[in-house]
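**Student:** Have a look at this one before I ask anything.
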Amino acid sequence: MPSKRLSVTVTRRLPDAVETRMRELFDVTLRDDDTPMTTAELISAMQTCDVLVPTVTDEINAQVLGQAGDRLKLIANYGAGVDHIDVQTARQRGVLVSNTPGVVTEDTADMTMALILSVTRRIPEGLALMQTGDWDGWAPTAMLGGRIAGRRLGILGMGRIGQAVARRARAFGMQIHYNNRRRLRPEVEGDLDATWWDSLDQMVARMDIISINCPHTPATFHLMNARRLKLMKPDAVIVNTARGEVIDENALTRMLRASEIAGAGLDVYENGTDINPRLRELKNVVLLPHMGSATVEGRVEMGEKVLLNIKTFDDGHRPPDLVVPAML
Ligand SMILES: NC(=O)c1ccc[n+]([C@@H]2O[C@H](COP(=O)([O-])OP(=O)(O)OC[C@H]3O[C@@H](n4cnc5c(N)ncnc54)[C@H](O)[C@@H]3O)[C@@H](O)[C@H]2O)c1
Ligand SMILES: O=C(O)[C@H](O)CO
Numbered sequence: 003m004p005s006k007r008l009s010v011t012v013t014r015r016l017p018d019a020v021e022t023r024m025r026e027l028f029d030v031t032l033r034d035d036d037t038p039m040t041t042a043e044l045i046s047a048m049q050t051c052d053v054l055v056p057t058v059t060d061e062i063n064a065q066v067l068g069q070a071g072d073r074l075k076l077i078a079n080y081g082a083g084v085d086h087i088d089v090q091t092a093r094q095r096g097v098l099v100s101n102t103p104g105v106v107t108e109d110t111a112d113m114t115m116a117l118i119l120s121v122t123r124r125i126p127e128g129l130a131l132m133q134t135g136d137w138d139g140w141a142p143t144a145m146l147g148g149r150i151a152g153r154r155l156g157i158l159g160m161g162r163i164g165q166a167v168a169r170r171a172r173a174f175g176m177q178i179h180y181n182n183r184r185r186l187r188p189e190v191e192g193d194l195d196a197t198w199w200d201s202l203d204q205m206v207a208r209m210d211i212i213s214i215n216c217p218h219t220p221a222t223f224h225l226m227n228a229r230r231l232k233l234m235k236p237d238a239v240i241v242n243t244a245r246g247e248v249i250d251e252n253a254l255t256r257m258l259r260a261s262e263i264a265g266a267g268l269d270v271y272e273n274g275t276d277i278n279p280r281l282r283e284l285k286n287v288v289l290l291p292h293m294g295s296a297t298v299e300g301r302v303e304m305g306e307k308v309l310l311n312i313k314t315f316d317d318g319h320r321p322p323d324l325v326v327p328a329m330l
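If you want my numbering, it's the 1-based position in the sequence shown plus 2.
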């Protein structure tokens, strides 16, 4: 007699190859349209499935989890960041949470460098000049940016992506500094030629460029608040490819408008798509639509990770990318 297949609900459209494999392995419910589920749809899905595959666009808070069915045993997130899931409450309810770390690392680090270069070398301004047809030729003083070689890069959150950013930035001749929950092992720190700062305040005050690469947790919410942003040098730049909530977006906008810091490159925002409109008006800001890990290859690998986590759970083992509250 065939064994009962695990019931899996996926909240967003995934690459075709991933959806096909989902169908082969599980009793899967896939969506036809690619809009985020409403809260009611999410709760309804969580009342009938064994495994939910959400993304960053699904807010799975304590209230939503409180209405999930007893059947729900695993939330296999499609993405590395899990700040949209109340992992603590899930655990209390006996629901496991897994994510997709590692496969997003190189692509997100590439995008971090792209933002650093875009802001310091004014790439979007140059592009706009070409697109409007306003370029009237080379001039010694036109479109001058800042050199990044020799500059101090301060990485806040020296995990997988932070270290991948450090490797790239070293190749660009930057000096690497970092603040992290824990200091790296000496051999890793040595390989990256990175300088450790125990005090985030002291690091922030001395850097030319700051890159945010820590997760959004209660401890990192507004870690870059108005007071700390004011410690930055007036010619410094900040980039964020982690989560918007780590920076006080309104304070950052005010400081950029007042030229109290030189520029910002943002891939993520404090309130999702509801971006401070004043940010859009600024020339010294480069805004991207949360596309740090958006490569064809990466999206398939994220799906493969999700499949592996579910399959391992289905086989009676601990999913390899289990997220436990102590990690956050
Ligand atoms: N823009 C995107 O598309 C995109 C893609 C992937 C990941 N992300 C975000 O990037 C984050 C980091 O991903 P990762 O794979 O590098 O995670 P990771 O767990 O490997 O690294 C995170 C690092 O942050 C450090 N950290 C945590 N709290 C801290 C604190 N209070 N102060 C200083 N350091 C702290 C941790 O010690 C760890 O070293 C994810 O949580 C996710 O939110 C964004
Ligand atoms: O965390 C990630 O992997 C991306 O931001 C998408 O959720």
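Note that CB positions come from ideal geometry on N, CA and C, so glycine has one too.
Mind checking Glu-283: buried by the 16 CB within 10 Å criterion, or exposed?
**Tutor:** Glu-283 is exposed by the Cβ-count criterion.
**Student:** What residue range is occupied by the uninterrupted beta strand (DSSP E) comprising Arg-154?
**Tutor:** Looking at the DSSP string, the run of the beta strand (DSSP E) that includes Arg-154 is 154–158.
**Student:** Do you know how far the Cα of Val-167 is from the Cα of Met-234?
**Tutor:** So the two alpha carbons sit approximately 20 angstroms from each other.
**Student:** On the DSSP bridge assignment, give the partners of Ala-266 in chain order.
**Tutor:** In the DSSP output, where bridge partners are listed per residue, Ala-266 has Ile-240 and Val-287.
**Student:** Are Val-302 and Val-30 closer than 8 angstroms when you measure CB to CB?
**Tutor:** Not closer than 8 angstroms, so no.
**Student:** Hey, is the segment 155–164 in contact with the segment 208–215, meaning 3+ C-beta pairs nearer than 8 angstroms?
**Tutor:** Yes, the segment 155–164 touches the segment 208–215.
**Student:** May I ask whether a heavy atom of ligand 2 can be found less than 7 angstroms away from the beta carbon of Val-106?
**Tutor:** Val-106 Cβ: within cutoff of ligand 2.
**Student:** Give me, in chain order, the residues of the same chain whose beta-carbon lies closer than 7 angstroms to that of Asn-252; leave out the 5 immediate sequence neighbours on both sides.
**Tutor:** So the list reads Asn-278, once near-sequence residues are dropped.
**Student:** Are the segment 25–41 and the segment 106–116 touching by the rule of at least three beta carbon pairs closer than 8 angstroms?
**Tutor:** No contact exists between the segment 25–41 and the segment 106–116.
**Student:** Among the candidates Ala-296, Arg-229 and Lys-313, whose CA atom is the shortest distance from the CA of Ile-263?
**Tutor:** That would be Arg-229, whose Cα lies nearest to the Cα of Ile-263.
**Student:** Report yes or no: do three or more beta-carbon pairs, one from the segment 292–307 and one from the segment 109–120, lie closer than 8 angstroms?
**Tutor:** Short answer: they touch.
**Student:** Alpha carbon to alpha carbon, how far is Gln-94 from Met-3? Give it in angstroms, no decimals.
**Tutor:** Caution applies to Met-3, whose pLDDT of 47 falls short of 50 and renders its modelled position unreliable; the model cannot decide the point.
**Student:** Could you work out which residue in Val-97, Gly-96 and Asn-273 is closest to Pro-291 when comparing CA atoms only?
**Tutor:** Looking at the Cα atoms, Asn-273 is the closest of the given residues.
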